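Engineer: Here it is, the structure in full.
Chains as they are written, first to last, in this note's numbering: chain A, 153 to 266; chain B, 107 to 221.
Structure below.
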């Protein structure tokens, strides 16, 4: 079984600043994948970034990057140059190589202030 | 719009009634997933289809829940004898099936309220 923990229910950042969202996970699998999804208010969930556990290099997608610490089972998301459109719920998720189900954390609500 | 679509977007029903939701995946995607999301929680996996075959089911999917994907295209999720605890957002996702971990694309969800 896998568990995903997001310890920050809410975070706030000023426009143009940088914010880091935390995520820890627990899995007995040796091969797995990690994801950050964004869910804007009343809109559908979209993939922000993904990381293969076997890759040591941290994934980056434009203003979004991760800090993947495999030994610590930590997978944080850094958003640089925050924009008003980044305001949303952010979910961390884990997928094992032996299954198809994404296991999600409870989410972090990100507020971006002008 | 060629994304995942779900109908209806909202459903209000009385306890004990049956409800059915529909999901239309992205056209070339052969994998389809159902999740349930309650307030303040992340989505929880319910079931998974590859083409028309239902390959994985969560223990959350009680015998009152049934899902089908008859021709490997759209899918339906039926809840019989609804209970207030079934109130939630029901999310559908699809993926191409190019690999085990291909990206899941989510629909807008169907919000169910059981009175």
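All residues carry an ideal CB built from backbone N, CA and C; glycine is no exception. Since we're looking at a predicted model, the values are computed, not measured.
1) Starting from residue 126 of chain B, follow the beta strand (DSSP E) in both directions and report where the run begins and ends.
2) In angstroms with no decimal places, state the Cα-to-Cα distance between residue 178 of chain A and residue 144 of chain B.
3) Am I right that residue 197 of chain B and residue 149 of chain B are in contact with their C-beta atoms under 8 Å? What's the rounded C-beta distance?
4) Per DSSP, which one or two residues make a beta bridge with residue 189 of chain A?
5) Which chain B residues are close to residue 237 of chain A, counting only those with a beta carbon under 8 Å from its beta carbon?
6) Thinking just about the alpha-carbon of each residue, which of B:169, B:160, B:208 and B:190 is nearest to the one in residue 123 of chain B?
7) Among A:224, A:196 and A:216, which one has its Cα closest to the Cα of residue 115 of chain B?
8) So that I know if they touch, is there some Cβ in chain B lying closer than 7 Å to that of residue 227 of chain A?
9) Can you tell me whether residue 173 of chain B is buried or exposed, with buried defined as 16 or more other CB within 10 angstroms of its CB?
10) For residue 234 of chain A, which option in A:265, A:160, A:158 and A:188 has the closest C-alpha, if you only look at C-alpha atoms?
11) On the premise that residue 175 of chain A lies in contact with residue 257 of chain A, defined as a C-beta separation below 8 Å, what is that separation, rounded to the nearest angstrom?
12) CA-CA distance, residue 204 of chain A and residue 180 of chain A?
Structural biologist: Taking the structure as given:
1) Residue mapping note: residue 126 of chain B aligns to position 20 of the second chain, counting from 1. Its beta strand (DSSP E) spans residues 125-130.
2) Counted from its first residue, the first chain places residue 178 of chain A at position 26. Counted from its first residue, the second chain places residue 144 of chain B at position 38. Residue 178 of chain A and residue 144 of chain B: Cα-Cα distance of roughly 22 Å.
3) Here residue 197 of chain B is taken as the residue at index 91 of the second chain, counted from 1. Here residue 149 of chain B is taken as the residue at index 43 of the second chain, counted from 1. Confirmed, about 6 Å.
4) Translated into positions along the first chain, residue 189 of chain A becomes position 37. A:199 and A:243.
5) Sequence index remark: in the first chain, residue 237 of chain A carries index 85 (1-based). The contacting residues do not exist; residue 237 of chain A stays about 18 Å from chain B at best.
6) Within the second chain, residue 123 of chain B is the residue found at index 17, counting from 1. Among B:169, B:160, B:208 and B:190, the Cα nearest to that of residue 123 of chain B is on B:190.
7) On the second chain, residue 115 of chain B is found 9 positions in, with the first residue counted as 1. Checking every option, the nearest Cα to that of residue 115 of chain B belongs to A:196.
8) The residue given as residue 227 of chain A occupies position 75 in the first chain. With 7 Å as the cut-off, residue 227 of chain A does not count as an interface residue toward chain B.
9) Indexing the second chain from 1 puts residue 173 of chain B at position 67. When all chains shown are included, residue 173 of chain B counts as buried.
10) Here residue 234 of chain A is taken as the residue at index 82 of the first chain, counted from 1. Of the candidates A:265, A:160, A:158 and A:188, the one whose C-alpha sits nearest the C-alpha of residue 234 of chain A is A:265.
11) In the first chain, counting from the first residue as 1, residue 257 of chain A sits at position 105. In the first chain, counting from the first residue as 1, residue 175 of chain A sits at position 23. The pair is a contact, with the Cβ atoms about 6 Å apart (cut-off 8 Å).
12) Position 52 of the first chain, counted from the start, is the residue given in the question as residue 204 of chain A. Position 28 of the first chain, counted from the start, is the residue given in the question as residue 180 of chain A. Rounded to whole angstroms, residue 204 of chain A to residue 180 of chain A spans 15 Å at the Cα level.
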